[in-house]
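Student:
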Amino acid sequence: MVLTREQKKAFADLKYNKDKLTVQQYRTVKGQLLAGDTSGALKGLQKLLTPGKQMERSRAYAKKT
418 MVLTREQKKA FADLKYNKDK LTVQQYRTVK GQLLAGDTSG ALKGLQKLLT
468 PGKQMERSRA YAKKT
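Take 418 as the starting number for the sequence shown in our numbering and just add one per residue.
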């Protein structure tokens, strides 16, 4: 599989922020990248990393399991 420059940068961003995501969030964004939806993956990653109520619920759940 040949990755474009944009996909390589997106994978680097994803790996850099791996500790801030739940396992399912990481797998979802990674799957989008591998499927070729780079713009959607970057948009989703940005949304997950933006502080907000949705992210707080995810972190609280991740700590319980």
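Every residue gets a Cβ at the ideal spot worked out from N, C-alpha and C, and that includes glycine.
In whole angstroms, what is the alpha-carbon distance linking A429 and A452?
Tutor: C-alpha separation (whole angstroms): 16 Å.
Student: Could you check what DSSP says for V419 in three-state terms: helix, strand or coil?
Tutor: DSSP places V419 in coil when its eight states are reduced to three.
Student: Just to confirm the assignment, what range does the alpha helix (DSSP H) spanning G457 have?
Tutor: First-last of the alpha helix (DSSP H) with G457: T455 to L466.
Student: Under the three-state reduction of DSSP, which class applies to L438: helix, strand or coil?
Tutor: If DSSP states are grouped into helix, strand and coil, L438 belongs with coil.
Student: For Q449 and Y443, what's the separation of their Cα atoms in angstroms?
Tutor: Rounded to the nearest angstrom, the two C-alpha atoms are 10 Å apart.
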